[in-house]
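For the sequence shown, counting from 1, position 37 maps to 37 in the working numbering; every step adds exactly one. By construction, the Cβ of each residue, glycine as well, lies at the ideal position given by its N, Cα and C atoms. Fair warning: this is a prediction, and the values are worked out from it, not measured in the lab. See structure below.
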Amino acid sequence: MTTTQMPIADAPPDEAVLTVYDRDHLKLYMRLLDAETAGATLEEVSSVLFGIDATAEPERARRVRDSHLSRARWMTEQGYREILKHGLP
Numbered sequence: 001m002t003t004t005q006m007p008i009a010d011a012p013p014d015e016a017v018l019t020v021y022d023r024d025h026l027k028l029y030m031r032l033l034d035a036e037t038a039g040a041t042l043e044e045v046s047s048v049l050f051g052i053d054a055t056a057e058p059e060r061a062r063r064v065r066d067s068h069l070s071r072a073r074w075m076t077e078q079g080y081r082e083i084l085k086h087g088l089p
């Protein structure tokens, strides 16, 4: 299992509101943003955060990383507002 200890979908939700999946994966989103800033490779991110072997499944690794990174960015631009208004459960 990955560092979040929560099941990770191949793609996060693509909704304009904060979802249960988002709340459950906040730590993953933060780690992804940190990894991007640090210049982590696809192989490192895929292995450590998603439990995917990027050598064996390069397309899937890239798709999972990119979709979750996009959602993590959305959280920094919009999703956080809902957390500020309502807090975390």
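Judged by DSSP in its simplified three-state form, THR41 adopts coil rather than helix or strand.
Rounded to whole angstroms, the gap between the alpha carbons of ALA16 and LYS85 is 16 Å. In this structure, DSSP gives PRO58 a helical state, which the three-state scheme calls helix. Take ASP10, set aside five residues on each side of it, and the residues of its chain with a beta-carbon closer than 6 Å to its own are VAL64, in chain order. Burial check for GLY39: the Cβ neighbour count within 10 Å stays below 16, so the residue is exposed.
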